[in-house]
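In the working numbering, the protein residues as written are 266 to 429.
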Amino acid sequence: LKDFVTHLVPRSVGEAMANNEILQIVVFSIFFGTAISMLGERGARMAGVIDDLAQIMLKITGAVMWLAPIAVFAAIASTVTTQGLGILVTFAKFMGSFYLSLFVLWALLALAGYIFLGSRVFTLIRLIREPFLISFSTASSEAAYPKLLDSLDRFGVDRKISSF
266 LKDFVTHLVP RSVGEAMANN EILQIVVFSI FFGTAISMLG ERGARMAGVI
316 DDLAQIMLKI TGAVMWLAPI AVFAAIASTV TTQGLGILVT FAKFMGSFYL
366 SLFVLWALLA LAGYIFLGSR VFTLIRLIRE PFLISFSTAS SEAAYPKLLD
416 SLDRFGVDRK ISSF
């Protein structure tokens, strides 16, 4: 227990981020956010700056995701040249089972949505189609997050709930 509690507090925020220590980053963020809210007006200005930095990071992520297909092509080309064309058959089997599993998952989710939302689930699916395709094709939910929030707003979900 002592080691767990000690591990919660980062020695350095930069080190916690570099080592992907999510729990330490969350604990720091809670303390940092609480301190900002206690500052009143000065804290509101700081929160605005942090929000602007988050928007900048989302733009950078979008640019990186735009270049991702080129990197994937280069990685596949490198693998084929070292492993031979037979690796593509193995890859195709893997991708086929992956897509089949995704289809089953989405069918179950659509059924659960239909049970709770009735026919409105089809409106929801239509609204979140574009953010879903963006996050699926880029393997990053961050790239699709702003569009997803807009889609959920149009569906009538309160922003306090959708941005949680």
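We put the beta carbon where it would ideally sit given N, CA and C, even for glycine.
Give every residue of the same chain whose Cβ lies closer than 7 Å to the Cβ of residue i, excluding the five residues on either side of it in the sequence, and list them in chain order.
i      : result
Phe275 : The identity of residue 275 in the sequence shown is Pro, whereas the question assumes Phe. If we look at Pro275 and ignore the five residues flanking it on each side, its Cβ neighbours are Ala281, Glu286, Gln289, Phe293.
Glu407 : Leu323, Thr326
Ser302 : Gly308
Are there 16 or more other CB atoms within 10 angstroms of the CB of residue i, so buried, or fewer, so exposed?
i      : result
Gly340 : Going by the sequence as given, residue 340 is Ala instead of Gly. Exposed.
Ser277 : exposed
Leu367 : exposed
Leu374 : exposed
Leu332 : exposed
Leu413 : buried
Ser400 : buried
Which same chain residues, not among the five before or five after residue i, have their C-beta less than 8 Å away from its C-beta?
i      : result
Ala300 : Gly308
Thr403 : Met330, Ala333, Ala409
Ser273 : A quick correction: the sequence has Leu, not Ser, at residue 273. Result list for Leu273: Leu288, Gln289, Val292, in chain order.
Do residue i and residue j have their CB atoms nearer than 8 Å?
i      : j      : result
Ile352 : Val345 : yes
Leu382 : Leu392 : no
Leu304 : Met311 : yes
Arg424 : Asp418 : yes
Ser405 : Met330 : yes
Since residue i and residue j should fall inside the 8 Å C-beta cutoff, what is the C-beta to C-beta distance between them, to a whole number of angstroms?
i      : j      : result
Val386 : Tyr379 : 5 Å
Quick one: what's got a C-beta closer than 6 Å to residue i's C-beta in the same chain, skipping five residues either side?
i      : result
Phe420 : Leu389, Leu392
Contact between the segment 406-422 and the segment 382-398 is defined here as three or more beta-carbon pairs at a separation below 8 Å; is this criterion met? yes
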